[in-house]
Structure formats: structure tokens, C-alpha cells
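I have placed the structure first, in the form of C-alpha cells, so that the comments after it can refer back to it.
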Amino acid sequence: GDSVTQMEGPVTLSEEAFLTINCTYTATGYPSLFWYVQYPGEGLQLLLKATKADDKGSNKGFEATYRKETTSFHLEKGSVQVSDSAVYFCALSSRGNQGGKLIFGQGTELSVKP
Amino acid sequence: ETGVTQSPTHLIKTRGQQVTLRCSSQSGHNTVSWYQQALGQGPQFIFQYYREEENGRGNFPPRFSGLQFPNYSSELNVNALELDDSALYLCASSLEGTMSDTQYFGPGTRLTVL
Chain A
73 GDSVTQMEGP
83 VTLSEEAFLT
93 INCTYTATGY
103 PSLFWYVQYP
113 GEGLQLLLKA
123 TKADDKGSNK
133 GFEATYRKET
143 TSFHLEKGSV
153 QVSDSAVYFC
163 ALSSRGNQGG
173 KLIFGQGTEL
183 SVKP
Chain B
22 ETGVTQSPTH
32 LIKTRGQQVT
42 LRCSSQSGHN
52 TVSWYQQALG
62 QGPQFIFQYY
72 REEENGRGNF
82 PPRFSGLQFP
92 NYSSELNVNA
102 LELDDSALYL
112 CASSLEGTMS
122 DTQYFGPGTR
132 LTVL
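Going down the list, the protein sequences come from chains A and B.
Position 18, counted from 1, in the first sequence is what the numbering used here calls 90; the numbers after and before it change by one each time, with no gaps.
Position 83, counted from 1, in the second sequence is what the numbering used here calls 104; the numbers after and before it change by one each time, with no gaps.
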């Protein structure tokens with residue numbers, strides 16, 4: 073079945089460092105891809121999305137490009153801030169006979185130090 | 022625009038009891054999905070409701086059941102609670118029937134089963 077694999081955390085960076093969180097997926101058809109962020113004690117917030125191959129999603133300095141040839145959707149940010157500390161989830165939208173469910177990776181915890 | 026709201030915020034139950042969690046979807050959305058997020062894990066799809074009918078179900082036993090009301094709000098009911106049901110329960114709303122499959126999440130209900 074469909075699945076998402078993320079790089080394991082925790083990832084610890086200094087402020088203003090470059091961030092990459094790897095995400096690869098397995099899916100039949102052409103899913104939409106998402107990055108969600110979860111701050112401590114909160115629900116999930118949509119960070120960005122891409123709906124077809126070569127689309128680039130971007131928001132708040134974060135970017136990710138839908139790469140069909142490598143089945144990847146890596147998250148990047150050029151200069152992280154302490155306020156970016158959170159858990160990041162990569163997800164795909166899988167339809168078929170189970171409705172429009174989201175399939176999530178296991179999450180990558182990011183800690184940014186001043 | 023009103024976001025997704027959930028109640029209660031926290032809940033403590035004992036094994037064998039029953040629980041009802043509630044969700045109000047984002048204004049204009051007609052589809053509600055429920056997810057279970059165990060500590061340190063990504064969310065797992067429980068089921069989705071569209072037009073008051075179940076529109077897909079994940080690998081959860083029948084003691085997990087739901088309802089959607091005409092105003093698109095929803096309930097998640099869990100019978101015969103087990104210790105492993107302790108988790109954060111997330112509700113997400115979306116607008117089915119369009120090309121967008123983006124789901125927007127509420128803050129979650131933290132359920133502890135003792």
C-alpha cells in the first residue's frame with residue numbers, strides 16, 4: 073500500500089543554519105503531497121503542499137518540490153529560526169477505496185538552538 | 022473564517038468505559054476525517070465522513086464509530102476503551118467534491134485511558 077518515509081530525528085541545528093528534512097513516498101497513481109508542522113501540545117498545521125509532479129510548494133521560507141522521478145518531497149529552509157522548533161510531518165493524500173485519507177510519515181523533530 | 026474546533030481538550034477514562042469526542046468543521050467544509058496519533062508517531066487514519074455517510078475507514082476495530090451531522094460537525098465514539106487507545110485524537114475538515122484534497126486540522130483531544 074501507499075506509504076511515506078521520513079528521515080529520523082531529532083535534528084538539531086543552530087539558528088540561521090540550512091535545513092533539509094528528507095521525505096520519500098510510495099504510491100499508486102498521482103497523490104498530492106503535504107508538509108504539516110506540529111508545535112508542542114498542539115494539532116497539525118498545514119505548512120505547504122504540491123499537487124502534481126514538479127510543483128513547488130512554499131510558505132514562511134520553507135520549500136518542497138514534488139519529484140516524481142525520485143518519489144521525493146524534501147523540505148528545505150535556507151535559514152532556520154528558534155521558532156521553527158517543532159515536529160514536521162510529510163504526508164500524501166491517498167484516495168481509492170478509503171476516501172481521501174492522509175498517510176503520514178513518522179515525523180521529524182527539529183530543535184533550533186540560538 | 023472559523024477553523025476546526027474540538028472538544029474536550031483533555032479526557033481521562035478508565036479501561037472498559039466509552040467516550041465521545043466532538044469536532045466542528047471549518048466554515049464551508051463538508052467532509053470530516055478522524056486520526057489517532059500515539060505518542061511519538063504520525064497520525065493514523067480512522068475514518069472519514071461525507072454527507073453524513075462513512076466515506077472510508079482505516080484499520081480500526083468496529084468499537085471505533087462515528088457520526089456526521091447535517092451541519093457537518095462530527096463525533097467519534099470509542100467503546101470498551103483499552104489502554105492502547107490513549108492518544109491524541111485529531112479531527113480534520115476538507116471540502117469534498119472539488120479538486121482540493123487539503124485537510125485542515127483541529128487542536129486535538131488528548132485521551133488518557135487508565
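C-beta atoms are modelled at their ideal positions from N, C-alpha and C, and glycine is treated no differently.
S95 of chain B, DSSP secondary structure in three states: S95 of chain B falls in the strand class under three-state DSSP.
Chain-order list of residues whose beta-carbon lies under 8 angstroms from that of G37 of chain B (same chain, five-residue window excluded): Setting aside the 5 residues that flank it on each side, G37 of chain B is surrounded in the same chain by A101 and L102, each with a C-beta closer than 8 angstroms to its C-beta; the list follows chain order.
Meets three-Cβ-pair contact criterion under 8 angstroms: the segment 76-92 of chain A and the segment 146-159 of chain A: A contact exists between the segment 76-92 of chain A and the segment 146-159 of chain A.
Environment of A108 of chain B [buried if 16+ CB atoms lie within 10 Å]: In the assembly as shown, A108 of chain B is a buried residue. Its beta-carbon has 16 or more other beta-carbons within 10 Å.
Beta strand (DSSP E) runs wholly inside the segment 93-161 of chain A, at least 3 long, in chain order: List check, beta strand (DSSP E) in window: 95-98, 104-110, 116-122, 128-131, 134-137 and 147-149.
Beta-ladder partner(s) of Q78 of chain A, from DSSP: The secondary-structure analysis by DSSP pairs Q78 of chain A across a beta bridge with A:C95.
Neighbourhood of T23 of chain B by C-beta, 8 angstroms cutoff - its chain only, sequence neighbours within 5 removed: Contacts found: S45, Q47 and S48.
Of the residues A:R139, A:S155 and A:Q153, the one placed nearest T98 of chain A, counting alpha carbons only: Ranked by Cα distance from T98 of chain A, the options A:R139, A:S155 and A:Q153 are led by A:R139.
Classification of L60 of chain B by the beta-carbon crowding that lies within 10 angstroms, buried from 16 upward: Under this definition L60 of chain B is an exposed residue.
Where the segment 90-109 of chain A meets chain B: residues whose CB sits under 7 angstroms from a CB there: Flagged, chain order: S104.
Residue range of the unbroken beta strand (DSSP E) whose run includes S183 of chain A: For S183 of chain A, the enclosing beta strand (DSSP E) covers residues T180 to K185.
Nearest-angstrom Cα separation, counted from C112 of chain B out to N131 of chain A: Using only the alpha carbons, I get a separation of about 23 angstroms.
Residue-level contact to chain A via CB, P82 of chain B, 8 angstroms cutoff: Taking Cβ atoms only, chain A never reaches closer than 8 angstroms to P82 of chain B, which makes this a no.
Contacts that E135 of chain A makes with chain B (C-beta to C-beta distance below 8 angstroms): By Cβ distance, chain B contributes nothing, its closest Cβ being about 18 angstroms from E135 of chain A, past 8 angstroms.
Which of helix, strand or coil DSSP assigns to L104 of chain B: Reduced to three states, the DSSP call for L104 of chain B is helix.
Whether G183 of chain A touches I175 of chain A by CB criterion (8 angstroms): Residue identity differs from the one stated: residue 183 of chain A is Ser in this sequence, not Gly. With respect to I175 of chain A, S183 of chain A sits apart: the two C-beta atoms are not nearer than 8 angstroms.
Other residues of its chain near P186 of chain A: CB distance less than 6 angstroms, five sequence neighbours each side excluded: Non-local beta-carbon contacts of P186 of chain A in its own chain, meaning distances under 6 angstroms to residues more than five positions away in sequence, involve E87 and V154 in chain order.
Neighbour flag for F39 of chain A against chain B, beta carbons, 8 angstroms: This structure cannot speak to residue 39 of chain A, because chain A is shown only from 73 to 186.
S86 of chain B - DSSP class collapsed to helix/strand/coil: The answer is strand: DSSP assigns S86 of chain B an E or B state.
Distance, G73 of chain A Cα to Q124 of chain B Cα: Rounded to whole angstroms, Q124 of chain B to G73 of chain A spans 21 angstroms at the Cα level.
Pairwise C-alpha distance: S94 of chain B and A125 of chain A: Between A125 of chain A and S94 of chain B, the C-alpha separation is close to 34 angstroms.
Cutoff 8 angstroms: S130 of chain A Cβ touching any chain B Cβ: For S130 of chain A, the answer is no, since every Cβ of chain B falls outside 8 angstroms of its Cβ.
Status (buried if at least 16 other CB within 10 Å, exposed otherwise) for P83 of chain B: Taking every protein chain shown into account, the CB of P83 of chain B has fewer than 16 other CB atoms within 10 angstroms, so this residue is exposed.
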